[in-house]
Each structure stands twice: as C-alpha cells, then as structure tokens.
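Residue numbers (UniProt numbering): 1 to 548.
The C-beta atom is built at its ideal place from N, Cα and C for all residues, glycine as well.
If you're wondering where the values come from, they're calculated on a predicted model, not measured in any experiment.
This report concerns only the one structure given below.
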Amino acid sequence: MKDIDTGSFVEDMKAPSFRLFGMYLAQAGFTFVYIFLLSQIGEQMAAKIRQDLFRQIIIQDLEFFDENRTGELVNRLTADVQDFKSSFKQCISQGLRSFAQLIGGGVSLFLISPQLASIALVSVPAAVAMFSFLGKSLRALSKRSQAQSERATSVSEEALSNIRTVRASASEYAEVELFRQETDRAAELSEQLGVGIAVFQSLTNLFLNGMVLTTLVLGGHFMSTSSISAGDLMAFLVASQGVQRSLAQGSILLGSVIRGMTAGTRVFEYLSVQPKVDLQLGSTIPESQLRGEIHFRNVSFTYPCRPNQQVLKDFSLVLKPGQTVALVGASGSGKSTIASLLERFYEPTGGSITVDGHEISNLSPCWLRGELIGFIEQQPVLFGTTIYENIRYGRPDATEAEVLEAAKLSQSHQFVSQLPEGYQTPVGERGIQLSGGQRQRIAIARALLKQPTILILDEATSALDASSEAVVQKALDAAVVDRTTLVIAHRLSTIRNADVIVVLDKGRIVEQGDHDSLIKKKGYYYELVKQQEREQREEQKEQGRARA
1 MKDIDTGSFV EDMKAPSFRL FGMYLAQAGF TFVYIFLLSQ IGEQMAAKIR QDLFRQIIIQ
61 DLEFFDENRT GELVNRLTAD VQDFKSSFKQ CISQGLRSFA QLIGGGVSLF LISPQLASIA
121 LVSVPAAVAM FSFLGKSLRA LSKRSQAQSE RATSVSEEAL SNIRTVRASA SEYAEVELFR
181 QETDRAAELS EQLGVGIAVF QSLTNLFLNG MVLTTLVLGG HFMSTSSISA GDLMAFLVAS
241 QGVQRSLAQG SILLGSVIRG MTAGTRVFEY LSVQPKVDLQ LGSTIPESQL RGEIHFRNVS
301 FTYPCRPNQQ VLKDFSLVLK PGQTVALVGA SGSGKSTIAS LLERFYEPTG GSITVDGHEI
361 SNLSPCWLRG ELIGFIEQQP VLFGTTIYEN IRYGRPDATE AEVLEAAKLS QSHQFVSQLP
421 EGYQTPVGER GIQLSGGQRQ RIAIARALLK QPTILILDEA TSALDASSEA VVQKALDAAV
481 VDRTTLVIAH RLSTIRNADV IVVLDKGRIV EQGDHDSLIK KKGYYYELVK QQEREQREEQ
541 KEQGRARA
C-alpha cells in the first residue's frame, strides 16, 4: 500500500515540479537579461557621457583652461562620471523595486482600511518637507566634498606631472604634506556628509516606526469599536511593514543618490558650456590667394584672468609676405601674447588682425592652426608615442615620404636613423627619452609637415645649450625660407639677420628696424644687447672658475 502511495505521490509531483523548475529557469533567465541590460545601459551611458564631456572640454577656449586646473577636469571625466553611473545603476536596480513595492503596499493599505491609510497619509507632507530640506543640505555638502576631492586630485596630478621639478627642488615631502592637507579636508567633508546621511536615515526610521506605533494604537481603538476586524488589522500591519521596508531601503540609497546627483550636476554643468569661438565655423583663404601678409591694427588685449592688467595697447604691425620679423623685449612686454592672438588662442579686446586682407576672426580656427600657421614653442610638447606619430600629429594623412622630408628639413633624420627602432622609437611621456635639442627638432618637423604659409617661433632655442642651439638654429634657418615668420626672441644673438626687429616695452612698440640700424640708435634695443653680452661674459667667467 505504501509503495502505491509513494508511486502515486511521485507521479502527482512530476508535473508541479517540472512547472516549478521551469519557473526557476525563467527567473534565472530574466535575472540574467535584467542584469545584462542594466550593465550594458550603464556602461554605454557612462562611455557616451565621457566622450561628450571630453569633446566639450577640449574644444573650449584657452580662457577656460586658464581658469580650471587640469586635475579638476580629469576628475570630472573619471570620478564624477563613475559616481553618476553607479548611482544610476543602483537607482534602477534597487530604487525601482522599492518604488514598485511602495506603490503596491500603499494600494493594499487603502484597500484593507481606508481610515488607517488616510491617517498615515496625513503625516506624509510634513515628512516630505523635512526630508526635502535635509536632502538639499546634503546635496550642497556633497558638492563641497567632491570639489575638495578634485583639489586633492589636482595636487597629486600636478606633482606627478612635474616630478623632475619636484625632485630637483627636493620638494617631495612638501608635496606629500600638501596632498595630506587636501585629502584631510576632503575626508572631513565626507565625514560630515556621512553624519548628515546618518541623521536622515535615523529620522526616516523614527518616522516609519512612529507610523507603525500609530497604526497599533488607532487599530486597537478601531477594533474596540468594531470598525476593523483583527484579521484586517493584522493584514494592515503586514502591508505597512512592507511599505516600511521599501522606504527604509530608499533611505539607504540616499547617499548614493545624492552623490550621483551632485556628480551629474557637475558633469552636465560642463556639457552645457559653449566655447566663444566655434572651431568648425569660418572661411578659408584659397591657396592661390595665400601670400602670408599679416596686419595688426590698433590691437589691445587684456587676459580674462587678469582684467586689470592690459598687456597690449594700440599695437600695430605689418609683416610682409616672406618676411622674418622678430619681437624682443623684457619678460612680460607682450611678445608671446602677440603670437597667441595671431593663432586665435584669445580674441583681442580691441583692434583687428588680418591675414592677406581677411579678418582672422572670420577664418576657421581649425584651418588657421591646422594648415595656415606652424607654431614651434620654447618647450616642445611630444606625446607618449613614436617619433613617426609625433611628426605626423596634426596631419595624420601625411605619407611616409612627406614625414621623412620634414624630418630632413628639421635636421632630425640623421639622429632618428641611428636609433635601433628608427622612426618607430617610443619617445616616452612628454618625449622624456629624447634630449632637448632632439625634441625641438621633432617639433620643427611636425610644424613643417603642415607646409604652413606662416611660421611662429616662440623662443625656440632659448632653453638649449650652445651645441644643440647651433643644430636647431640650422633647422630653423631652413624652415623660414619663403615663409612669413614671427620670431619671439630671448637670445638676441639669434635674430641679428631678421628683416625687421620690433622692440616692445609694456605692450607698446618703442623701436623698430634691422639689427644694425637699432644698434646705431643706441636706444632700448642697444641696451638689451649690451645687457645680454655682459650676462654672457659673467656666465663664461663662472664656468671658467668652475672648471678651474
């Protein structure tokens, strides 16, 4: 009999067991799809935000970068986007579930006992007002905390980026102390935020437990008057416990939500910033009309970050096609500013600048910098890739023959060919694997590859030793042939052959002419030359005494 009963039981359980197993499989499948889709959406959203944010940052005017530290910008691209993504995923995975349970539980409460549910509902507006006030305070505190974390990141990024300067100044422990101070401030603000969230959750629990207590007291009263049965009261308490758990789960999510909202606000703040100069808009000058004649007409300029200090005052200058014009003057006289204005890194506050009769404010910035003008800086910047890619930077469609030709013109080909990997040699971060003279020649090759009509040399040899300067100067002499060239000079000995030398003092032209005529005048330029000659003699004496 038992065997028959057992067999019957097994037979009876087969169908329900298979159905239950099928439901478990379906649940596993839905869980997989749910988590997979959530992960996909979250990661794709974060990647898209990072891409859009990086694009929006990199197209900003230089004024934007003058006002914002690199570490802070990097922090928004990384930490803020990560916080926003994490908050988004948590809100979807846990927040929606809690919200659905809250709605379902609330409906159940009204179906069981409209009286008790209505009484509980009366206290909700006051709780919402209190929690909204606390939430606003916590968001402000979270914003301060994340801004302080940005500052700490900036300190570390700055120190690591300039590690050679830090090491040469024996400032390692000073940087450690500065970083400790900034991180301590960030930790203090985060602790305050933690206290605020703890207060919020404590008040939430107190409010929820108060609702349960009220339900018990009033429910007991309604039972005594036969307004509600014991079964309905028990059902109401069970449903209210579900609502309580949902609200408690929401309060636990609060910290992540506040951090995500703050991070999102900071990210979208930059996404909404528009540059004053659109890189894509503007016209170009047909190649047949390009001559390279530059006119500065009554140009005035003040840096946005230093509005009370005028750098240029009614500056006027003409550079004729193929002419080499050198700007000289004391530090801060406006030499580099003139080059920056010609490149449209900044917009003049007064006057106009034209190239071949075209206002540069009407020209496409991408075309102006990418094709018309070649810019060689005092401290050349190389990227952590190969020599070949560094020369091709700015013109990625250049052929190998064009790259080699530019390298030969810049006196780079010989030393590159002697390297084991040749043009495929990695240069290291910021070109650290190459000497100063080699980096400068690679930068010259990069500028020449664009075949620019106009060339700007911003003190291109001032940071080199004598032997490197001679090689680089030879490359520069070849580069300026048949090009309108603006030279910002520090070592006056390098610009003796310039067609025109313009002497600046406090943003104004005080003298103008060739080297010989200015020396004969025995004016400001003459004094600058004599001063440098005295400094060079003193330097040579010091070197002689050091060798002795």
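Rounded straight-line distance, which links the Cα of residue j to that of residue i
i	j	result
Gln27	Ser93	16 angstroms
Lys408	Thr485	20 angstroms
Pro365	Leu279	5 angstroms
Lys2	Pro16	Residue placement at Lys2 cannot be trusted, given a pLDDT of 47 that sits under 50; what the coordinates show is reported in the next sentence. Roughly 22 angstroms between the two C-alpha positions.
Gln411	Gly282	35 angstroms
Asn298	Phe315	5 angstroms
Arg97	Thr31	13 angstroms
Thr265	Asp83	11 angstroms
Ile4	Phe21	Unreliable positioning characterises Ile4 in this predicted model, as indicated by a pLDDT of 48, which lies under 50. A coordinate reading is not provided.
residue 550	Arg180	Only positions 1 to 548 of the chain appear in this structure, which leaves residue 550 out of reach.
Gly357	Leu341	16 angstroms
Tyr303	Ala339	14 angstroms
Glu188	Lys85	25 angstroms
Glu389	Ala489	29 angstroms
Phe200	Leu134	7 angstroms
Val529	Ala46	57 angstroms
Phe222	Leu102	25 angstroms
Ala326	Leu518	13 angstroms
Asn308	Phe268	31 angstroms
Gly351	Glu538	43 angstroms
Val482	Glu172	The amino acid at residue 482 is misidentified as Val; the sequence shows Asp. Using only the alpha carbons, I get a separation of about 49 angstroms.
Ala498	Asp477	11 angstroms
Supposed contact pair residue j and residue i - C-beta distance, whole angstroms, cut 8 angstroms
i	j	result
Ile285	Val381	No, Ile285 and Val381 are not in contact; Cβ-Cβ is about 28 angstroms, not under 8 angstroms.
residue 549	Leu53	Only positions 1 to 548 of the chain appear in this structure, which leaves residue 549 out of reach.
Lys450	Arg395	6 angstroms
Glu182	Ala152	4 angstroms
Val403	Gly437	In fact, because the Cβ distance is near 20 angstroms, the residues do not count as touching under 8 angstroms.
Ser149	Ala186	5 angstroms
Asp458	Ile376	7 angstroms
Gly507	Lys335	The pair is not a contact, with the Cβ atoms about 10 angstroms apart (cut-off 8 angstroms).
Ile228	Ser137	That belief does not hold up - the Cβ atoms of Ile228 and Ser137 are roughly 40 angstroms apart, past 8 angstroms.
Thr262	Arg139	6 angstroms
Val277	Arg344	7 angstroms
Whether residue i touches residue j by CB criterion (8 angstroms)
i	j	result
Gly384	Gly428	yes
Ala406	Ile391	yes
Gln323	Val510	no
Val243	Gly106	yes
Val311	Val503	no
Ser417	Pro348	no
Leu237	Thr215	yes
Leu109	Ser145	no
Leu448	Gly374	yes
Gly71	Glu158	yes
Leu492	Gln532	yes
Leu455	Ala470	no
Leu116	Gly219	yes
Leu253	Gln379	no
Phe18	Gly260	no
Gln56	Val273	yes
Leu290	Thr425	no
Cys305	Asp516	no
Residue i burial status per 10 Å Cβ neighbour count (16 or more: buried)
i	result
Thr399	exposed
Leu160	exposed
Asp184	exposed
Lys320	exposed
residue 632	There is simply no residue 632 to check, as the chain begins at 1 and stops at 548 in what is shown.
Asn75	buried
Met234	exposed
Phe296	buried
Gln60	buried
Gly210	exposed
Ile35	exposed
Val257	buried
Those residues which DSSP pairs with residue i across a bridge
i	result
Ala326	Val487, Ile501
Leu317	Phe296
His358	Val355
Asp458	Ile488
Glu511	Val503
Gln310	Thr302
Ile376	Leu457
Pro426	Thr386
Gly350	Ser300
is_contact[residue i, chain C] using C-beta, thresh 8 angstroms
i	result
Thr31	You won't find chain C in this structure, because it holds only one protein chain.
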